[in-house]
Structure formats: structure tokens, C-alpha cells
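Here the protein sequences come in this chain order: A and B.
The first sequence: position 24 = 24 (our numbering), numbered continuously.
Count along the second sequence starting at 1, add 1000, and that's the number in our numbering.
Glycine residues also receive a C-beta, built at the ideal position from the N, C-alpha and C atoms.
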Amino acid sequence: MIHHLALTLEQRPEVLERVLRVVRHRGFRICNMNMTEQDDKFLQLNMAVDSDKAVELLSRQLDKLLDVTQCVVTTPSAMSQTVNG
Amino acid sequence: MEQGQTISGSQAVIEVLAAHGVDTVFGYPGGAIMPIYDAIYGSSVKHLLCRHEQGAAFAAVGYARASGKVGVCFATSGPGATNLITGLADAMMDSIPVVAITGQVSSAVIGTDAFQEMDVLGLSLSCTKHSFMVGSLDELIPTLYRAFEIAASGRPGPVLVDIPKDIQVGQLEYKTPLQAVAVEMAIDSDAVAAANTLIRNAKQPMLYAGGGVGMAGAVSELRDFIARTGMPSVCTLKALGAVEPTTAGYLGMLGMHGNQAANHAVQECDLLLVVGARFDDRVTGKLNTFAPNAKVIHLDIDAAEQGKLRQPEVALTGELQQLLPQLGQMLDIAPWQQHVAELAEQYAWRYDRPGELIYAPRMLKQLADKLPNDSVVSCDVGQHQMWVAQHMWFRKPEDHLSSAGFGTMGFGLPAAIGAQISRPEATVVTVSGDGSFMMNVQELTTIKRRKLPVKILLIDNQRLGMVKQWQQLFFDERYSETNLSDNPDFVTLASAFDIPGRTITQSAEVEGALDEMLNAPGAYLLHVRIDEAFNVWPLVPPGAANSDMIEDLEA
Chain A
1 MIHHLALTLE QRPEVLERVL RVVRHRGFRI CNMNMTEQDD KFLQLNMAVD
51 SDKAVELLSR QLDKLLDVTQ CVVTTPSAMS QTVNG
Chain B
1001 MEQGQTISGS QAVIEVLAAH GVDTVFGYPG GAIMPIYDAI YGSSVKHLLC
1051 RHEQGAAFAA VGYARASGKV GVCFATSGPG ATNLITGLAD AMMDSIPVVA
1101 ITGQVSSAVI GTDAFQEMDV LGLSLSCTKH SFMVGSLDEL IPTLYRAFEI
1151 AASGRPGPVL VDIPKDIQVG QLEYKTPLQA VAVEMAIDSD AVAAANTLIR
1201 NAKQPMLYAG GGVGMAGAVS ELRDFIARTG MPSVCTLKAL GAVEPTTAGY
1251 LGMLGMHGNQ AANHAVQECD LLLVVGARFD DRVTGKLNTF APNAKVIHLD
1301 IDAAEQGKLR QPEVALTGEL QQLLPQLGQM LDIAPWQQHV AELAEQYAWR
1351 YDRPGELIYA PRMLKQLADK LPNDSVVSCD VGQHQMWVAQ HMWFRKPEDH
1401 LSSAGFGTMG FGLPAAIGAQ ISRPEATVVT VSGDGSFMMN VQELTTIKRR
1451 KLPVKILLID NQRLGMVKQW QQLFFDERYS ETNLSDNPDF VTLASAFDIP
1501 GRTITQSAEV EGALDEMLNA PGAYLLHVRI DEAFNVWPLV PPGAANSDMI
1551 EDLEA
């Protein structure tokens, strides 16, 4: 299933590697990606990822990265129905 | 240090360590970190030279685990940094607060394949909580402060700071950065209410406590919860010590080599209260058969653990110290408590194995009973590690250092060194196996160097025992590369490092030898020969449910 993610990243030389590594390691395949510089502090990264897994398994891992200031899933799955999930 | 004073980047590193109360750093010098080693020379921060960077990393882990403080290690660029990696990965898997500082080649030659250059920031991405390469002198002090804050806050973990040599020698004005005020996580009162409803309605609840309890400093909150509710409990490998062993309804460790009572009770429960644990495969066995009838309440500081492997009915993300007091009341579950007590009695460990050979489980029980209040046991990985977990008992999680998530052989000896440094008054014992011991055996020199009174209990079956056990059970007794009968003479080896010791082979010798080891004024190695036929029981076979444990085939 294809999921869309919108991330705001701090400008660090390694931040894109950090995000891509987590996407791969947690079992998602990137099908589409676009990154733009917002200003000298932040980057905007939009991704479409493919996996059988619930997208929250990825978005929560990305949220934990300290250089990821925001991670929004634009295609929610059933998992988000848990209390405080 | 006065604000605004001009010092070198290297001096600033040492100042930041001192400002964070770091009394000892573990490390190994080399070309690209020489300015920092020059700055620590004669400073207020002590340094303990380990004899391999992996030993330094594990010593920092042991220091952190035994004390709750942040452990710090140093290494040079290239091979120094790559040698740290295993220790950082271990700290990552067990959520241990460590700050690793590595020297890097000068900024001008980064990316030119300079001597001892390696992309350490790239290497760090998968095995640290966070990492930095310092890009300018202005960034140095704020980055180091941030590294300490990240390592210790939230779910702790290792942080690496790679510092190019030109930054180390550059001059800067010392300034303490403004510290961000920690924001308390809000508690979801709806989720708390939902959790309390589930707890109140449960007929057969079980508490499954993990390493997060100790990491969060929530041991007393957990014990209060158990006292308040009477809920039966089990612990993971890393949580051992969180529940007092004599607590009513406490069944010990669950999982692959857990106690049968612990596994059966979890399989039968109708509510599983998970506190700071993460449904590791060594805990759950076949995941979709784990606690099949249970509703799940999952408490964790890390939202990414909620639903990672088991979807909870109620997820409570936050500080365990704040969450636990909001949950539970005295429960009316007498028939379940009675059943749990019967399971505990039915599957209680037995130590009455006859024969003159040394029975390691009995020896470790004896050792636990002899240890003073202030004691730390570190162990390596394999059969002896599981015997320690099954048969020793601990007063608190900080007293039991075991490479749980990463399962790193070679952990025990350097971790014991770190523990002895952070808790100098404690009796520190490392329980090792003949395979694991050889993996960081060079650290015997570190014990000699600082005259540390670390006790080494070396259980020797001349085999790579856990692998041998699996070959016997699951690989048709084809013993590929697990015969270690050409081991060195361990007592002679220890004596080369001025560490006295003796070898025992008979059950009757155990009591006296343990006393001799514990009463030795300095380091001591007790070499214990056991029969290679002894395996770790019970066991959940790979791919099986926890209800299908197999017992000793020979007993």
C-alpha cells in the first residue's frame, strides 16, 4: 500500500541519510520523493512509500529522529484508532 | 571555568565533561584525538586506558548501567571509531546513556581518504540515538551539552560526537549554552481511565515489566503498584531486580529461557500490563501465540514501541514515574493469585541435582545468596548468561548488567570495569563463559592498571555452549566450530596480569572457592570446570509458542 508522508527537517548535512536509512530499515520502499529548501534552517521532504506494514510503524520511528521537526502522514491507516495511538 | 575565557576546543571538551559531573572517561588515544588527550592530561577528569576501543565503550556502558549516570568514552578516528561501534550498538539496543567522543581528521582533508579517515558520522546513523560531526568552533560547546541531554533524556541511548582535529586545536571563548527547559509530557487522562477500567475488570491480570522500569527510575513506583493491586508479575532479562524476588505473585523471567510458571501465567492471562518493555522475540516466542487471550495496556516513554509488534488496547506514552501512580487499586482476583502461586510452586527451580560435578545453576544461586547489599553482577552472553538470569537474584536493575538486546559476547569484563569505577565500594563480579571471556580478555590489563577488585567467575565447559546446545537440539548434533577444548590455561593467563585464581571441578569445592573469591582483597579469577553435557533448561524452541517449553531431556 502507498502512503504519503510530509516531513520538515532541520538543515544538517546528514539529515537526508538519516531519514532514508530509517525508511529502508523499517521495511518501506520509496516510490516518489521531493525535497525543497524552506530557508537556511529547514528542509521540506515529501515522500510516497510502499509497504504492507502500517505506516505508523514508520512515522513514529521518523518522529523520533531529532532532526525531524515534523512528520505528517497524509494517508492514515486503521492503526491510528488505538487510544492515544 | 570563567565565562568568556579563551581556551582550546580540546580544553572545552574537558570542561564540558567536568560540568556534567563526569569523573572518569574510558578510552584509547591516537593521532586524530591527541589534542583532547593533551587537554585531559593533568585535568580534574580522570581517564582509564582500556586496551581496545570496544573495551572502552563497554566500560562506559557498565559505568552508566551500574550508576544511572552518563558513561563517556574516547577513541581516535578510523579504526578507533570503528572499534567503538559494537559497544554503541549494544548501548542502542539496551537504551543506555553513553556519550562517545571521537577524533576526526582535520576538516580540510575530510573526504580525501586521509590517513585513518572514515565516515564515522555515516557509520553512527544506525547504532546511535543521535550523532554529530562538529562543523565549527562555535558549535562545539552547544553540541556537547546537547549530546549529554539527548543521551540521558526520554528513552536514553548513545550519542556520538565526532570532532575534527582543527576544531580541537582552535581557540574559542568558553560560554555555557542556554539550556532548554525539559517539557513534561502530558498524561492522556482518557487513556488512564480506559486502562483503569481494563485493570478493574480483569480476572487474570499479569504485569510484564521491562528494562524501561529501571531506566526511568520507576522501580519504587512499580513496587508500589504491585503492592497496591496484588497483580502477579514477570520480568524481562533487563528488568531483573525491578521486582523484589520475594514479592507474592512474582514468577521471575519470562521468555525463551524463562521460568515455566512465568510463561504459563502470561499465556493464560486476560490482561497484560506491559511496563517499559517491547515484546522482544526472545520474550514472546511465536508472536501471534503470545498471551493469546490478553487485552494489552502498554506503558512506554517511546511512542514507536506502541503497536510495533503487538497492538495494545490502551497505549500510555510517557514517564513511568508519573503513569504508574495513576493506575490500579486493590484487585479482587484471589482465585487467579492462588493459581499463580500454584504455578510458582509447581515450576520452582530445583537445585537437588545429584553428582560430584559442579552444577552451575546451584553455584550461581549460592553466589547470589552470598553477595553483599552493594554488589553488581555483569555477565557475558550464552548459557552462563541465562543461568545468571534464572538462578541469581538482584536487589535492583542496576545490580545486573547483561547485554540483553544485542547479546554481545565480550560485554562482561569491560562492563564490570566500568561498574567498579562508578560504584567503587560495590562488590563487582563478572560471570563469564570460556567463549565470551576471550573476546575482550585484553581488559585484564585494565584491571591490573587500576588495581580494580573485580571478581571473575569463569564457567568453562570447553564449548561455545549456547551454540552447541542448539546444534545438539536443532542441527542434528553436528558440532560445527563449537569445541573450545584448546582453551588457554585460564589461571595461568590471569596470573600473567597479577590476578590470582584457582580451578575447581567438584561440587564440594564450590562453597569454599566462592568465599575465597569474594574475600580476596583484589581481583580474583575462579575457574570453574563444568560438564559440557549441561544445557540451559527449559527452552522455547525457535518458532514455538511459550506454552510449549521443552524440559531437560536427560533429567
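Rounded to whole angstroms, residue 19/A and residue 1460/B show a C-alpha spacing of 45 Å. For residue 13/A, no alpha helix (DSSP H) run applies, since DSSP gives it neither H nor E. Here the C-alpha atom of residue 37/A lies approximately 12 Å from the C-alpha atom of residue 12/A. No Cβ-Cβ contact shorter than 8 Å links residue 1103/B with residue 1040/B. Contact fails between the region 1481-1488 of chain B and the region 1498-1511 of chain B, because fewer than three Cβ pairs, one in each stretch, are under 8 Å apart.
Residue burial annotation: residue 1475/B is exposed, with fewer than 16 other C-beta atoms found within 10 angstroms of its C-beta.
Secondary structure in the region 1479-1537 of chain B: the alpha helix (DSSP H) runs of 4 residues or longer, each lying completely within the stretch, are 1490-1495 and 1510-1519 in chain order.
Residues of the region 7-23 of chain A with a C-beta atom less than 7 Å from some C-beta of chain B are 14, 17, 18 and 21, listed in chain order. Linking residue 1209/B to residue 1345/B through their CA atoms gives a straight-line distance of about 21 Å. Comparing alpha carbon positions, the residue from 1027/B, 1338/B, 1232/B and 1224/B closest to residue 1051/B is 1027/B. Using a CB distance cut-off of 8 Å, residue 37/A does not count as an interface residue toward chain B. Three or more pairs of CB atoms, one per stretch, sit closer than 8 Å, so the region 1308-1319 of chain B contacts the region 1276-1289 of chain B. A Cβ-Cβ separation of about 12 Å leaves residue 1401/B out of contact with residue 1389/B under the 8 Å criterion.
Residues of the region 1302-1313 of chain B that bring their beta carbon within less than 8 Å of a beta carbon in chain A comprise 1302, 1303, 1304, 1306, 1307, 1308, 1311, 1312 and 1313, in sequence order. Apart from sequence neighbours up to five positions away, the residues of its chain that approach residue 1150/B with a beta-carbon distance below 7 Å are 1129, 1130 and 1159, ordered along the chain. Put simply, of 49/A, 55/A and 35/A the residue whose alpha carbon is nearest the alpha carbon of residue 15/A is 35/A. Residue contact with chain B for residue 57/A: present (Cβ-Cβ distance below 8 Å to some residue of chain B). In its chain, beyond the 5 residues on either side, 1104, 1106 and 1107 have a beta carbon closer than 6 Å to the beta carbon of residue 1164/B. For residue 64/A, a Cβ of chain B is located within less than 8 Å of the residue's own Cβ. Contacts with chain A at 8 Å (Cβ-Cβ) do not include residue 1027/B. Residue 1214/B places its beta carbon less than 8 Å from that of residue 1241/B. Residue state for residue 1003/B is assigned as coil, using DSSP reduced to three classes. DSSP, reduced to helix, strand and coil, places residue 1384/B within a helical segment of the structure shown. DSSP places residue 1139/B within a helical segment (H, G or I) once states are collapsed to three. Under the Cβ criterion of 8 Å, residue 25/A is counted among the residues facing chain B. Boundaries of the beta strand (DSSP E) harbouring residue 1430/B: 1427-1433, taken from the DSSP string.
Nearest to residue 1336/B by C-alpha distance, out of 1145/B, 1270/B and 1188/B, is 1270/B. Residue 37/A has 43/A as its beta-bridge partners, per DSSP. Residue environment for residue 1232/B: buried (at least 16 other C-beta atoms within 10 angstroms of its C-beta). Per DSSP, the continuous beta strand (DSSP E) segment holding residue 1102/B begins and ends at 1098-1104. Not flagged as an interface residue toward chain A: residue 1088/B, since no C-beta distance is shorter than 8 Å.
In terms of beta-carbon proximity, residue 70/A stays away from the interface with chain B, with every pair separated by 8 Å or more. By the Cβ test, the region 1371-1391 of chain B is in contact with the region 1408-1428 of chain B, since at least three Cβ pairs between them sit closer than 8 Å. Around the Cβ of residue 1353/B, a 10 Å sphere holds fewer than 16 other Cβ atoms; the residue is exposed. Bridge pairing for residue 1298/B: 1274/B and 1315/B [DSSP]. With contact defined as three or more Cβ pairs closer than 8 Å, the region 1127-1147 of chain B and the region 1183-1193 of chain B are not in contact.
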